[in-house]
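Numbering (this note's numbering), first residue to last: 180 to 493. Backbone N, C-alpha and C define an ideal beta-carbon position, used for all residues, glycine too. On a predicted model such as this, the values are computed, not experimentally measured, just so you know.
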Amino acid sequence: MNSRLTVNLPGLTMKNPLMPGSGTFGFGDTPAAEKMDLNGLGALVIKTTTPQARKGNPQPQIAMLKNGVINSVGLTNPGVDAVVNEKLPHLRQKYPDLPVVGSIGGSSVADYQCVAQKLANSNMLNALELNISCPNVQEGGMAFGTNPQTVEEVTRKVKEVTGSVPVYVKLSPNVTDITAIAKAAERGGADGLTMINTLLGLHIDVETRQSVIGNGMGGLSGAILKPLAVRMIYQVTHVTDLPIIGIGGVETVDDVLEMFLAGASAVGVGAAHFDDVEVIPHLAAQLEQRMDELNIESLEELRKEVRNEFRNED
């Protein structure tokens with residue numbers, strides 16, 4: 180293991196700082212995942228899991244744009260019991276040493292607690308990630324991640340049932356003040372943050388007069404999102420010492436380093452997989468050479484240096 184690229188986060192000892200966004204490789208069982216060695220990832224974030232099975236949203240669920248992707252998949256998954264009893268054992272049999280993060284979704288706080296407890300008790304996951312972009316049916320459909328009080332509550336309730344398994348809260352960019360949401364997650368007991376999730380968007384085909392995806396609006400991701408992600412990570416770095424997994428528009432090795440310069444401790448890659456399914460191993464292979472060119476001794480030292488500079492500005 181190359182110590183220059185190693186990243187140690189709560190629950191995660193990663194041989195490189197790169198991981199796919201939630202669901203990129205399903206539960207390690209997608210056609211792409213079956214064709215490659217997932218041990219080349221720093222960690223694997225599995226598909227968001229809900230209490231019951233979900234079929235997902237109407238097709239088409241994904242559309243490619245000039246500088247990004249818009250999607251509305253709808254959290255398609257077989258439900259937490261099938262994940263614990265079937266998906267995770269199969270994954271762990273094939274990849275016993277790969278750090279794996281479970282992703283949790285739900286329509287109520289009780290849903291989040293239910294899934295979190297079952298995933299944590301499986302003893303097959305190194306950490307959990309809360310997808311708080313899900314709509315809260317008890318609050319008229321408003322996403323959990325848009326209200327600081329709700330973020331604090333759902334984080335605290337999940338922490339009550341997950342024991343020693345670390346919990347990362349994935350922040351939505353669809354908010355007025357991202358720092359207020361980050362601080363709420365910290366008050367709730369979050370062990371780390373993942374940011375950012377997709378930005379709500381709409382793309383209309385002028386010939387059909389219809390949205391390019393079946394559900395109308397969807398989540399915008401890809402290169403177009405990176406400046407927003409970098410800005411929000413930079414802002415949150417000023418208000419919390421929680422480790423941040425930076426995600427949003429990463430395509431190149433310099434994008435990876437830019438996330439660290441904004442204050443991230445690790446980096447997620449999502450939409451870039453549409454162009455290169457092995458983008459993470461490829462970026463990891465380029466990273467050390469680029470660090471040499473820029474006189475960066477280690478990623479950890481870079482992160483510490485940047486965060487200390489931010490503190491001195493205040």
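- Rounded to whole angstroms, the separation of the alpha carbons of ASN474 and VAL333 is 42 angstroms.
- In the structure shown, TYR291 adopts helical secondary structure according to DSSP, grouped into three states.
- A check of alpha carbon separations from GLN414 across ALA364, ALA441, ALA306 identifies ALA441 as the nearest.
- In its chain, beyond the 5 residues on either side, GLY324, THR325, ILE360 have a beta carbon closer than 8 angstroms to the beta carbon of VAL354.
- Between the alpha carbons of LEU270 and ARG410 lies a distance of about 35 angstroms.
- In this structure, the CA atom of LYS266 is about 19 angstroms from the CA atom of ASN310.
- With contacts defined as CB atoms closer than 8 angstroms, LEU217 and MET198 fail to qualify as a contacting pair.
- Judged by DSSP in its simplified three-state form, GLY253 adopts coil rather than helix or strand.
- Distance between ILE383 and ASN300, taken at the CA atoms: about 44 angstroms.
- Within its own chain, no residue has a Cβ closer than 6 angstroms to the Cβ of ASP434 once the five positions on either side in sequence are excluded.
- Taking all protein chains in view, the Cβ of GLY398 is crowded by 16 or more other Cβ atoms within 10 Å, so the residue is classified as buried.
- In this chain, the beta strand (DSSP E) harbouring MET243 covers 241-243.
- Inter-segment contact for the stretch 455-463 and the stretch 229-249 is absent: fewer than three beta-carbon pairs are separated by less than 8 angstroms.
- Here DSSP, grouped into helix, strand and coil, assigns ASP216 to coil.
- Going by DSSP, THR329 is part of the alpha helix (DSSP H) stretching over 327-338.
- Bridge partners of ALA306 according to DSSP: VAL280.
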